[in-house]
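Number of protein chains: 2
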Amino acid sequence: MTMQAKGPTRGRKSEASRAQILDAAARLLRDQGYGAMTLRQIAERADIKAGSVYYHFASKDEILDAVLARGLHVVIEAVEGRLAALPAGAGHLERIAAAVAAHLEALLAHGDYTSAGIRTFGQVPEASRQKDERLREEYIALWQHLLQQAQAAGEIRADLDTSVLRALLLGSLNWTVEWYDPARQPVETVATQTVDILFRGIAAPPMDARAKPGAR
Amino acid sequence: MTMQAKGPTRGRKSEASRAQILDAAARLLRDQGYGAMTLRQIAERADIKAGSVYYHFASKDEILDAVLARGLHVVIEAVEGRLAALPAGAGHLERIAAAVAAHLEALLAHGDYTSAGIRTFGQVPEASRQKDERLREEYIALWQHLLQQAQAAGEIRADLDTSVLRALLLGSLNWTVEWYDPARQPVETVATQTVDILFRGIAAPPMDARAKPGAR
DNA sequence: CAATTTACCTAACTAACGTTAGATTGAAAA
DNA sequence: TTTTCAATCTAACGTTAGTTAGGTAAATTG
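Residue numbers (my numbering), protein chains in the order written: chain A, -13 to 202; chain B, -13 to 202.
Laid out in structure tokens, this is it:
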């Protein structure tokens, strides 16, 4: 009577299997897409038989939903956490730089889940897509505010359309899952260069501005 | 005897059906991914029966290859054509701007084919992926040269890693297929803004630089 | 120890897949 | 008119998909 009624008692073994199933599904989803990912493949990688998957999940779609939700959550929490940890007096550009770094780091650290979501969003059944649409919209709104406030404060140029800017920026960030190779450079380097290009642009400064060094 | 031996005579009807099959396949590939795209769906949209598809293509993979190749070709040819049409004395930044615009315009004008390739590259069978890998590599090399020469000429900053820059740039361009809405703004506007942000960055110029107007 | 429950397996079902062989149609060629 | 052939259909083949029902070993509970 000490234990409350909260459904079947799931032990540590179950959690481990569940994790293995999700890991396998995330990888397969990333590499093959939703339609080509089979429960038998998932089961094989999780070291169980296909039928046993249904002890942990009610359907293939439920596995999909879990993978997508985790890929989204991990990035959102990283960015929100990083922003919250910033000193109160942080400038707007500083906040944007922190958000870029956090987004990139979370994205590439949990590559299978995040890139599964990025690649297959748009190819997934309507029902699954709508499930975390609100979360996704909130995340987009977060970036939108970040940019708008920076613009209102005069820290980014007034002539930019922040909607287009946000889309371009998030695009270049999300696309890193397609080319980033941890053996070539640490994530931090990519983040630093991205912010640098984003803030200052790629064009070399004109001659007369180049003479005075160390403006920073 | 007036006709040479060159296999079965394919008429206009056949070409029309072939085009319908490819259009349907491109859209389905984009929306569902390779594994979920079925020949019966393709056939239905092309207004024929599933078995008849095999009169035009030997296999599902062959359809896939045709869609992917077309998506790639259309972009490459647009960019190379635009660059070739540039006056001989065009500056490096001017060349980059032209390439960005051409890439974006081709990408978004042939949305189904290009975004099918972008979304499903990496989820497609090895054999199909390798088929136009050389073309893809050549296209990447084109951009790499474009950026490197601009850097060598001193038109883009010397402290940038052109490999990372190229990846980030192509990422933000390719991602436009996920968010671009022709009802909101013309492609040219997006291209212009992308180039503007790319060259000058988003940060507002410092106060002392803002006084002198019309530096261009 | 007996009873229960967890976590899995086995074996099967139906549905749908890519693919194929053999008719069938309609228009052009002879 | 007869022949021919491009273009399609019909009907099926073997395979594999997601899913389910019923069984089982091991651990937990009483």
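Where a beta carbon is used, it is the ideal one built from N, C-alpha and C, also for glycine. Owing to the predicted nature of the structure, the values given are computational and were not obtained by experimental measurement.
Beta-carbon gap between residue i and residue j smaller than 9 Å
{"i": "alanine 153 of chain B", "j": "tryptophan 165 of chain A", "result": "yes"}
{"i": "leucine 54 of chain B", "j": "serine 114 of chain B", "result": "yes"}
{"i": "leucine 14 of chain B", "j": "isoleucine 34 of chain B", "result": "no"}
{"i": "alanine 102 of chain A", "j": "glycine 67 of chain A", "result": "no"}
{"i": "threonine 175 of chain B", "j": "valine 150 of chain A", "result": "yes"}
{"i": "alanine 223 of chain B", "j": "alanine 88 of chain B", "result": "With chain B covering -13 to 202 only, the question about residue 223 of chain B has no answer from this structure."}
{"i": "leucine 128 of chain A", "j": "threonine 148 of chain A", "result": "no"}
{"i": "leucine 50 of chain A", "j": "valine 39 of chain A", "result": "no"}
{"i": "alanine 36 of chain A", "j": "phenylalanine 43 of chain A", "result": "no"}
{"i": "leucine 72 of chain B", "j": "arginine 81 of chain B", "result": "yes"}
{"i": "leucine 69 of chain B", "j": "isoleucine 142 of chain B", "result": "no"}
{"i": "leucine 146 of chain B", "j": "glutamine 135 of chain B", "result": "no"}
{"i": "isoleucine 188 of chain B", "j": "leucine 156 of chain B", "result": "no"}
{"i": "isoleucine 62 of chain A", "j": "leucine 121 of chain A", "result": "yes"}
{"i": "alanine 144 of chain B", "j": "alanine 2 of chain A", "result": "no"}
Within-9 Å CB hit, residue i to chain B
{"i": "leucine 79 of chain A", "result": "yes"}
{"i": "histidine 182 of chain A", "result": "This sequence places aspartate at residue 182 of chain A; histidine is not what is there. By this cut-off, aspartate 182 of chain A is an interface position."}
{"i": "isoleucine 188 of chain A", "result": "yes"}
{"i": "glutamate 1 of chain A", "result": "no"}
{"i": "threonine 100 of chain A", "result": "no"}
{"i": "arginine 115 of chain A", "result": "no"}
{"i": "aspartate 17 of chain A", "result": "yes"}
{"i": "glycine 37 of chain A", "result": "no"}
{"i": "tryptophan 129 of chain A", "result": "no"}
{"i": "glutamine 179 of chain A", "result": "yes"}
{"i": "leucine 151 of chain A", "result": "yes"}
Residue i at chain A interface by Cβ criterion, 9 Å
{"i": "tryptophan 165 of chain B", "result": "yes"}
{"i": "glycine 103 of chain B", "result": "no"}
{"i": "leucine 121 of chain B", "result": "no"}
{"i": "proline 199 of chain B", "result": "Note that proline 199 of chain B has pLDDT 49, beneath the 50 cutoff, so the model's placement of it is unreliable and no number is given."}
{"i": "glutamate 141 of chain B", "result": "yes"}
{"i": "aspartate 147 of chain B", "result": "yes"}
{"i": "threonine -12 of chain B", "result": "For threonine -12 of chain B, the pLDDT reaches just 32, beneath the cut-off of 50, and the residue's location in the model is therefore unreliable, leaving the point undetermined."}
{"i": "serine 158 of chain B", "result": "yes"}
{"i": "alanine 12 of chain B", "result": "no"}
{"i": "leucine 155 of chain B", "result": "yes"}
{"i": "glycine 57 of chain B", "result": "no"}
{"i": "glycine 21 of chain B", "result": "yes"}
{"i": "valine 65 of chain B", "result": "no"}
{"i": "valine 176 of chain B", "result": "yes"}
{"i": "proline 191 of chain B", "result": "yes"}
{"i": "glutamine 135 of chain B", "result": "no"}
{"i": "phenylalanine 185 of chain B", "result": "yes"}
Contacting residues, own chain, Cβ-Cβ under 6 Å from residue i (five flanking each side not counted)
{"i": "glutamate 204 of chain B", "result": "Residue coverage of chain B in this structure runs from -13 to 202, which leaves residue 204 of chain B outside it and unanswerable."}
{"i": "methionine 23 of chain A", "result": "Leu14, Leu15"}
Sequence-distant residues of its chain with Cβ nearer than 8 Å to residue i (five each side left out)
{"i": "threonine 180 of chain B", "result": "Val86, Leu90, Ser158, Leu159"}
{"i": "tyrosine 20 of chain B", "result": "Leu50, Thr106, Gln109, Val110, Pro111"}
{"i": "glycine -7 of chain B", "result": "For glycine -7 of chain B, the predicted model reports a pLDDT of 40, less than 50, meaning its position is unreliable; a value from the coordinates is still stated below. Nothing listed; no residue qualifies."}
First through last residue of the alpha helix (DSSP H) which encompasses residue i
{"i": "lysine 117 of chain A", "result": "112 to 117"}
{"i": "arginine 105 of chain B", "result": "97 to 106"}
Residues of its chain near residue i, where Cβ-Cβ distance is below 7 Å and the 5 sequence neighbours each way are ignored
{"i": "alanine 12 of chain A", "result": "Val53, Asp98, Tyr99, Ala102"}
{"i": "alanine 5 of chain A", "result": "none"}
{"i": "isoleucine 104 of chain A", "result": "Asn160, Val163"}
Taking the runs of the alpha helix (DSSP H) that are 4 residues or longer, which of them lie wholly in the region 112 to 194 of chain A? 112 to 117, 119 to 138, 148 to 160, 162 to 165, 173 to 186
My parser needs the beta strand (DSSP E) runs of 3 or more residues fully inside the region 10 to 76 of chain B; what are they? none
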